[in-house]
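Student: Under my numbering, read the sequence shown as residues 1016 to 1094, first letter to last. Glycine is no exception: its CB is placed at the ideal position from the N, C-alpha and C atoms.
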Amino acid sequence: GGVIPGVSPQKNAANPAGQWNTFHITVRGEKLTVKLNGQVVNEVDLDQGRLADRPRSGMIGFQDHGLPLSLRNIRIRRL
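#1: Measuring only the C-alpha atoms, how far is R1043 from V1055?
#2: For L1051, name the three-state secondary structure that DSSP assigns.
#3: Give me the Cα-Cα distance between P1070 and D1062, rounded to the nearest whole angstrom.
#4: Between the stretch 1045 to 1059 and the stretch 1025 to 1037, do three or more beta carbon pairs fall short of 8 Å?
#5: Do you know offhand how far L1047's Cα is from G1016's?
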């Protein structure tokens, strides 16, 4: 639920290792909200702090920390 660069999640809502996690990430205007397994773990103002200089459009990336990563049922839509 963290946002790179340097915005840690407000709480840990991750499922135990070996179980699937569900993310719901929404950006409306300058507000980014991250839900992990139904719990809000981050709410960020994109105009503030380290994210203010980040591009607002472009490629979408997935971070894996160098560990095995599996993704499924990815949906991206314009609001």
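Tutor: If we stick to the structure as given:
#1: In a straight line, the C-alpha of R1043 is about 15 Å away from that of V1055.
#2: For L1051, the secondary structure class from DSSP, reduced to helix, strand or coil, is strand.
#3: Each residue's Cα considered, the two are about 11 Å apart.
#4: Contact between the stretch 1045 to 1059 and the stretch 1025 to 1037 is present, because at least three Cβ pairs lie under 8 Å.
#5: If you take the alpha carbons of L1047 and G1016, they lie about 11 Å apart.
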